[in-house]
Amino acid sequence: MKQILVTGGAGFIGSNFIHYILNTYHQVKVVNLDALTYAGNLENLSSVTRDSRYTFVKGDIRDRALLNRLFVEHQFDTVVNFAAESHVDRSITQPEVFLETNILGTQALLDTAKSYWKLDPEDKYSREYQPGVRYLQVSTDEVYGALGQTGKFQEITPLSPNSPYSASKASADMIVHAYYETYGMPVNITRCSNNYGPFQFPEKLIPLMIHNCLEGKPLPIYGDGMQVRDWLYVEDHCAAICTVLEKGMPGEVYNIGGNNEKANLEIVKLILRKLKKGDELITYVKDRPGHDRRYAIDNTKITTELGWSPAYTFEDGMARTIQWYLDHPEWLARVTSEAYRDYYVEMYQGAE
Ligand code: NAD
Ligand code: TYD
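In terms of our numbering, the sequence shown opens at residue 6 and continues consecutively.
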């Protein structure tokens, strides 16, 4: 029986991951530790709350006393850290909380896991850990910075983050790597491209455009809309994380990408077509400061060494995603309530 601590499990990818592991594995117990920031939504997990294999704990990954208590109580052998401030636009206006949660929170988790898993925690030279334990840090391709017209990010690409968000994620990756080198801790880092799918908060490109389209509101495109992202269907990401947990080599980084490079404008036009709306909703707005032009992932390492590859085409994934938002108007209505409207006005002044 695996005992997994999932942090940030009430967010977009974390909640998809919890559904995925409970559906895929029988012999598993999951504790979801989430601070329930604006991005955390327990409604994403309403269908599993009665599952005896699942427990929710409201709390902060920076709270070391809480982490200690949870490790004693649940004897985790696996940690998957999704908890983070995750939105580039917010990091531009409020960088501090990104550094606190993404860097210091990661360190608190690492320290706690190290002290529980290390066979002789008092011996600084010892590199022996309980068998089968693993810490997995969910990172992002944004730590590599931006690409020009060609090339792809490989695991050996130097880190060169450009936003406060990506800088905080790169810092966390370096701390995780340092715990492997210094203490021999069995860790992995996964760096994925832009995810899309059910339960994504409509501040990110795809759900925001679907939501605005459904409401007949303008679709705010930053700059010329020709920035390129490499889109990954969230279920493929969840499967890739499980593959790394099962087969990943300790200390290794694995890139996870969907092989779907698309310009933002192309995606917005696809959403318009699918929802039978006209291009007149497209509204070009002032570009994001420090906007990375292109991201693309080379996923050769995970596909050749661990045997994972994405199962969904972009067309399939988008069709499922749009259908999910059409089928869940009440979810969308609740997450776009008052606080969301304030955020929207602040972020998109002039594009109402
Ligand atoms: P999200 O913003 O939807 O969810 C983050 C979750 O973390 C929320 O439930 C929030 O309540 C929780 N949280 C925030 N601060 C916390 C704290 N201090 N303690 C405990 N919980 C806290 O994010 P997401 O899109 O699901 O992303 C999950 C992870 O994947 C993040 O680490 C992000 O950097 C990474 N990632 C995301 C994408 C993407 O496309 N969404 C791409 C690459 C990497
Ligand atoms: P986003 O979903 O915020 O993810 P990230 O910044 O992590 O890549 O943005 C994806 C792309 O879409 C990015 O190039 C910015 C662009 N974008 C817009 O053009 N308009 C918007 O309203 C948003 C939210 C994003």
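Ideal placement from N, C-alpha and C gives every residue a C-beta, glycine not left out.
Touch test, the stretch 123-131 against the stretch 199-213, Cβ-Cβ under 8 Å, three pairs minimum: no
Closest residue to V35 among R69, D65, L75, G45 (Cα-Cα distance): Working through the sequence shown from its first residue, we reach residue 35 at position 30. Ranking the options by Cα distance to V35, first place goes to L75.
E78, buried or exposed, once every other Cβ within 10 Å from all chains shown has been counted against 16: Position 73 of the sequence shown, counted from the first residue, corresponds to residue 78. Exposed.
Closer than 6 Å: L213 CB and nearest ligand 2 heavy atom: As a first step, residue 213 is located in the sequence shown; it is residue number 208 there, counting from the start. Flag set: Cβ of L213 near ligand 2.
Segment limits, beta strand (DSSP E) that includes R234: Here residue 234 refers to the residue found at position 229 of the sequence shown. Segment 233-235, the beta strand (DSSP E) holding R234.
For R299, the three-state DSSP class (helix, strand or coil): What you label residue 299 is simply residue 294 of the sequence shown in a count that begins at 1. In this structure, R299 counts as strand in the three-state DSSP scheme.
Coil, strand or helix - A40 by DSSP: Mapped onto the sequence shown, residue 40 falls at position 35. Coil at A40, not helix or strand.
Same chain, Cβ closer than 7 Å to L270, five either side skipped, listed in chain order: By one-based count along the sequence shown, residue 270 stands at place 265. Answer for L270: I226, G230, M231, listed in chain order.
Nonlocal neighbours in the same chain, by C-beta distance under 6 Å from Q112, ignoring five residues either side: On the sequence shown, residue 112 is found 107 positions in, with the first residue counted as 1. Excluding positions up to five away in sequence, the list reads I180.
Near ligand 2: K174 beta-carbon under 6 Å from a heavy atom: By one-based count along the sequence shown, residue 174 stands at place 169. Not so, every heavy atom of ligand 2 lies at least 6 Å from the Cβ.
Reduced DSSP category for L141 - H, G, I as helix; E, B as strand; rest coil: As a position in the sequence shown, residue 141 is number 136, starting the count at 1. Correct three-state label for L141: strand.
Spatial neighbours of N49 in its chain, beta-carbon cut-off 7 Å, leaving aside the 5 residues before and after: Here residue 49 refers to the residue found at position 44 of the sequence shown. Excluding positions up to five away in sequence, the list reads A15, S20, F204.
beta-carbon F22 near ligand 1 non-hydrogen atom, thresh 6 Å: Within the sequence shown, residue 22 is the residue found at index 17, counting from 1. The answer is no for F22.
Chain-order list of residues whose beta-carbon lies under 6 Å from that of S176 (same chain, five-residue window excluded): Here residue 176 corresponds to residue number 171 of the sequence shown, with the count starting at 1. Counting only Cβ-Cβ distances below 6 Å, and skipping sequence neighbours, we find I108.
R196, enclosing alpha helix (DSSP H) - first and last residue: Counting from 1 along the sequence shown, the entry for residue 196 is found at position 191. That residue, R196, is in no alpha helix (DSSP H); its beta strand (DSSP E) goes 192-197.
Residues that DSSP places opposite K267 in a beta bridge: As a first step, residue 267 is located in the sequence shown; it is residue number 262 there, counting from the start. For K267, which the question treats as bridged, DSSP gives the partners R234.
Three-state class that DSSP yields for Q112 in the structure shown: Taking the sequence shown and counting its residues from 1, one reaches residue 112 at position 107. Helix at Q112.
G263 vs W236 beta-carbon contact at 7 Å: Numbered from its first residue, the sequence shown carries residue 263 at position 258. Numbered from its first residue, the sequence shown carries residue 236 at position 231. Cβ atoms of G263 and W236: closer than 7 Å.
Residue environment, T187, which counts as buried when at least 16 other CB atoms sit within 10 Å: Taking the first residue of the sequence shown as position 1, residue 187 is located at position 182. Exposed, since its Cβ has fewer than 16 Cβ neighbours within 10 Å.
Residue ranges of each beta strand (DSSP E) within the stretch 34-97, 3 or longer: 59-63, 83-86
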